[in-house]
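Quick note on this note's numbering: the sequence shown kicks off at 392 and runs consecutively. In what follows, a single structure is set out as structure tokens and then discussed.
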Amino acid sequence: MNIHLAASQNVQKEELSLTTILKTIESLYDVSFSYVDETIKGITLELPDRDFTLIDILNFISSETQLNFRLLDNRFIVVTSKARDKDSNFTTQQLEEIVVVNYLTTGLTKLNDGSLTIKPESFGILPGLIEPDVLQTIQALPGVFSLDETVSNINIRGGTHDQNLILWDGIKMYQSGHFFGLISAFNPYTTTSVNVSKNGTPAKYGDGISSIIDMRLSNAVDQKFKAGLGFNLINADGFVKIPLSNKTELQLSSRRSVTDLIVTPTYDQYSKRVFQDSDFNQSNDASISTNETFYFYDITAKFLYDLSKKDKLRFNIMVVNNSLDYDEQSTTNDRNEALNSKLLQQNLATSVSYIRNWTPNLSLNAQIYVSNYDLDATNFDIINNQRLIQENEVYDGSVKLDINYSISQNFKANMGYQFTEVGISNLEDVNNPIFRSYIKEVIRSHSIYGEIAFLSNNAKSKLNFGTRLNYFKKFDQLLAEPRLSLSHRFLNNFRIEILGELKSQTTSQIIDLQNDFLGIEKRRWVLSNNNTEVKVYDNVTVFPVPILRARQASVGIHYNRNKLLVSAEGFVKKVNGVTSRSQGFQNQYQFVYDTGSYVVKGIDLLINKQFRNRFSTWLSYTYSKNDYTFSALNNGNPFPNNADIRHAMTFGSIYTYDDIKIALGVNWHTGRPTTNYLDVNDSSTNREIIYELPNSSRLKDYLRTDFSVLYSFDISNSSKATIGASIWNVLNRKNIINTYHILNEDTDNTISTIENQSLGITPNISFRVNF
């Protein structure tokens, strides 16, 4: 946004008090300045007669006075004296330019390095959402969607969900969803910021060849009590921030489902969606599933201790849990029998961090974390007198040292070291016939990285360039990963961005069988073994799993003036080392193993217009072409990726009137690729379905309309309440999100087509009180 500040105030060349200037800026830009009166007392300025951006005018004021400006979030700016900052341990750096404030909605900010920041505390509203669910929110961004409407299967520029690096206060998380993917596992009311990067990510981040989703909790002891309670038709939650002394603070949060206590319309729709294609929902004449119990919870705690003005300690712990069990009953020879099947999914994460501010320009952050993921399933098949135990466990331990150094007002350096040990085990245990398979892989890696950031004096140009070196001792392999982020503003209202990166990843998720883990959470984590051929150990087959390696580049141009944003970004990404088992094929390649690659090329378009901070509307469109290449699949010829959504469009509008917020949105995209069948091969030795060319057909187009409304009001001077209501899929459209074919076990060689439907019309209501 640009302003002609002098003309707007009819001041031309006369001097104005800084107090008047700051108040004018607050009104025009919807920001708020915080300062001590003595700091700006008596300061007057003669403003030049020219157009200003917010950054232009703040940099001008800073150059003409002894003042520094620091942006706390997308709205609040601290004004301090340069002389005072010199004698303190508080670092004030040159203000980095924000490209868009209130990107789509309040609490969403686009930065000049191509990344986006979400502030859940100041988050407004999006269609279909009444709470700031982090992983649902990012799906409103161009190029981000979910093939099956879940937060545990987010596809960013053609990648699979396991190719997203999800960090919670610096800890890598292996479980992202509750209700097996329909709800984010991360409590938004204790998360202060979320940084999302699709390309050009800083060198300090390893893994995550598709994106980085970095969630951060409050890290300052501010001696302010804060608490909140709320519920909706799925869960109840609460959080509290307790100052224990002037140096210590405790942050606690908890959330638990009410699904095992009460059946709501929202739970009913979620259940139909999640369990429609699972063992739990399968029944025949001889058996029936009943007495099901399902619930989830998450608990977080953070303890902050300021040892001194320069030294800080932080302790974190988080537990995420999903639990399902049900009885399978049958009657044989007039005898009733019931056996209990269950599924447990849990992620335990804990860390300790030490922060040292050596000087105002030099700081050190050291962290040790452990992340443990466990997926257990016990499945009884009464008809076949069989019991199957499956387990997938991940142990991830890491030590990180991160150093930040401000070389000058224009240059900053970031460097560090990370050691990581990841162990992943997979267990299969069958009692009839007796079979047991246990595979465990361990990888230790050493990484060093360095990055230089340059910001021009007028904040129009920003350059981040760095490299990460990863050494994998097990494979004696060293991988270099350069990263680039270049941004330049020209003609006041235009910005060009050039982003690029090389990345690698040693963890991925695969599907062995579609009915693994009760057919609900089918994916299991595995580690790269860098084998080049299939090996057999003690009758256990081990397939090659290469290190995933990705190359990505993008060029974007953005126009931003008078709260109108027009954005276009072209991108290309190639990922090597993809295994067919990680892609979830349900056609002729379901049981075929091979390694290959995919290439995705496309363009993201966005038009976003805001009117007087009351009305915001946007239209986003993504075109992309995503193709696999496997040497043993489709005769080595490229064919469409399972996540090849060729066209995707989103339209949304948000209206704010005093304490009421209303949002309405429409999501449309072309159907995902599918493979139809031609006939049945009925040979005496092998009965199988004959398919057409892989992914040569498409499902019907997907269309969904969502609505939500929020009303906030004061209960007292220190407490505020919010009532919300939403409807997902207002028109109750029957969208098919997946289809596959099975050969019936009969003599007629009939084929059944299974169709998985999206969520139907799903209402939800919420009530919150914040203190």
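The beta-carbon is built from N, C-alpha and C at its ideal position, and this holds for glycine as well.
Practice task
Quick one: measure Cβ to Cβ for residue 783 and residue 916, integer angstroms, because I've assumed they're closer than 8 Å.
Solution key: Between residue 783 and residue 916 a beta carbon distance of about 6 Å is seen, short of the 8 Å cut, so the two are scored as contacting.
Handout entry: Ordered list of beta strand (DSSP E) runs contained in the stretch 999–1085, each at least 3 residues
Key = Taking 3 residues as the shortest admissible run, the stretch 999–1085 contains the following complete beta strand (DSSP E) segments, listed from N- to C-terminal end: 1006–1021, 1038–1048, 1051–1060, 1068–1073, 1078–1082.
Practice task
Taking only the alpha-carbon atoms, compute the straight-line gap between residue 1018 and residue 1130 and give it to the nearest angstrom.
Solution key: So the alpha carbons of these two residues sit roughly 20 Å apart.
Exercise for the section: Work out the CA separation of residue 1107 and residue 377 for me, nearest whole Å. Expected result: An answer regarding residue 377 cannot be provided, because it is not within the stretch 392 to 1162 covered by the chain.
Handout entry: Span separating the alpha-carbon of residue 567 from that of residue 899
Key = When rounded, the separation of the alpha-carbon atoms in residue 567 and residue 899 is 14 Å.
Handout entry: Whole-angstrom C-beta distance between residue 610 and residue 705, which should lie under 8 Å
Key = Taking a contact as a CB-CB distance under 8 Å, the pair residue 705 and residue 610 counts as one, their CB atoms being some 7 Å apart.
Handout entry: Residue burial classification, residue 498 (beta-carbon count within 10 angstroms, cutoff 16)
Key = Here residue 498 is buried: its Cβ has 16 or more other Cβ atoms, across all protein chains shown, within 10 Å.
Practice task
May I ask you to verify whether the stretch 1030–1049 touches the stretch 1069–1080, counting CB pairs closer than 8 Å and requiring at least 3?
Solution key: Verdict: no, contact absent.
Practice task
Just the C-alpha distance for residue 645 and residue 455, rounded to the nearest angstrom, thanks.
Solution key: Each residue's Cα considered, the two are about 49 Å apart.
Practice task
Specify the secondary structure class of residue 448 as computed by DSSP and reduced to three states.
Solution key: Residue 448: helix per DSSP, three-state reduction.
Exercise for the section: For residue 640, count neighbouring C-beta atoms within 10 Å of its own C-beta (all shown protein chains included) and say buried if the count is 16 or more, exposed if not. Expected result: That one is buried.
Problem - Check whether residue 630 and residue 565 have beta carbons under 8 Å apart - result: Judged by their CB atoms, residue 630 and residue 565 are not nearer to each other than the 8 Å cut-off.
Practice task
Compute the Euclidean distance between the alpha carbons of residue 932 and residue 896, then round it to the nearest angstrom.
Solution key: One C-alpha to the other measures close to 23 Å.
Handout entry: Residue interval of the alpha helix (DSSP H) (run including residue 657)
Key = Where residue 657 is concerned, the enclosing alpha helix (DSSP H) starts and stops at 656–666.
Problem - Simplified DSSP state of residue 480, which is helix, strand or coil - result: Per-residue confidence for residue 480 stands at a pLDDT of 42, beneath the threshold of 50, marking its modelled position as unreliable; no derived number is given.
Handout entry: Spatial neighbours of residue 586 in its chain, beta-carbon cut-off 6 Å, leaving aside the 5 residues before and after
Key = Correct list, in chain order: 506, 508, 605.
Handout entry: Where residue 732 falls, given that 16 or more other Cβ within 10 Å makes a residue buried
Key = By the 16-neighbour rule on beta-carbons within 10 angstroms, residue 732 is buried.
Exercise for the section: May I have the straight-line CA-CA distance separating residue 618 from residue 776, to the nearest angstrom? Expected result: About 52 Å.
Handout entry: Residue range of the beta strand (DSSP E) that includes residue 428
Key = Where residue 428 is concerned, there is no enclosing beta strand (DSSP E), although the alpha helix (DSSP H) it sits in stretches over 428–431.
Handout entry: Cβ-based burial, residue 698 [other Cβ within 10 Å; buried from 16]
Key = By the neighbour-count rule (16 or more Cβ atoms within 10 Å), residue 698 is not buried but exposed.
Practice task
Select from 1119, 1102, 961, 503 the residue whose C-alpha is nearest the C-alpha of residue 1113.
Solution key: Comparing Cα positions, the closest option is 1102.
Handout entry: Where residue 529 sits in the DSSP three-state scheme
Key = Helix, per DSSP.
Problem - Same chain, Cβ closer than 6 Å to residue 710, neighbours up to 5 away in sequence not counted - result: So the qualifying residues of the chain are 690, 739.
Practice task
Buried or exposed for residue 1104, please, with buried defined as at least 16 other CB atoms from any protein chain shown within 10 angstroms of its CB.
Solution key: Exposed is the call here.
Exercise for the section: Within its chain, find whatever has a CB closer than 6 Å to the CB of residue 533; leave out the 5 residues flanking it on each side and keep chain order. Expected result: A distance below 6 Å between beta-carbons, with the five flanking residues on each side excluded, links residue 533 to the following residues of its chain, in chain order: 995, 997, 1011, 1013.
Handout entry: Member of 1068, 589, 1156 whose CA lies at the smallest distance from the CA of residue 535
Key = Ranked by Cα distance from residue 535, the options 1068, 589, 1156 are led by 589.
Problem - Proximal residues to residue 1080 (C-beta, below 7 Å), its chain only, five neighbours per side dropped - result: Counting only Cβ-Cβ distances below 7 Å, and skipping sequence neighbours, we find 1068, 1071, 1132, 1134, 1142.
Practice task
Measure the alpha-carbon distance for residue 560 versus residue 496 and round it to whole angstroms.
Solution key: Rounded to whole angstroms, the gap between the alpha carbons of residue 560 and residue 496 is 24 Å.
Exercise for the section: Specify the secondary structure class of residue 572 as computed by DSSP and reduced to three states. Expected result: The answer is helix: DSSP assigns residue 572 an H, G or I state.
Exercise for the section: Could you check the C-alpha separation between residue 1150 and residue 1120 for me, to the nearest Å? Expected result: About 7 Å.
Handout entry: Sub-8 Å separation of residue 1145 and residue 668 beta-carbons
Key = Yes.
Handout entry: Inter-residue Cα distance where the pair is residue 967 and residue 1004
Key = Going from the Cα of residue 967 to the Cα of residue 1004 covers about 45 Å.
Problem - Alpha carbon of residue 1159 to alpha carbon of residue 513, nearest angstrom - result: Computed Cα separation, rounded: 15 Å.
Practice task
Counting only the same chain and skipping the five closest in sequence on each side, list residues whose C-beta sits under 8 Å from that of residue 481.
Solution key: The pLDDT assigned to residue 481 is 40, lower than 50, so where the model puts this residue is not dependable; a value taken from the coordinates is nonetheless given after this. Excluding sequence neighbours, residue 481 sits near 471, 751.
Handout entry: Cα-Cα separation, residue 621 to residue 938
Key = When the Cα atoms are used, residue 621 and residue 938 turn out to be separated by approximately 43 Å.
Practice task
Using DSSP bridges, identify the partner residues of residue 653.
Solution key: Note: residue 653 sits in no beta bridge, so no partner.
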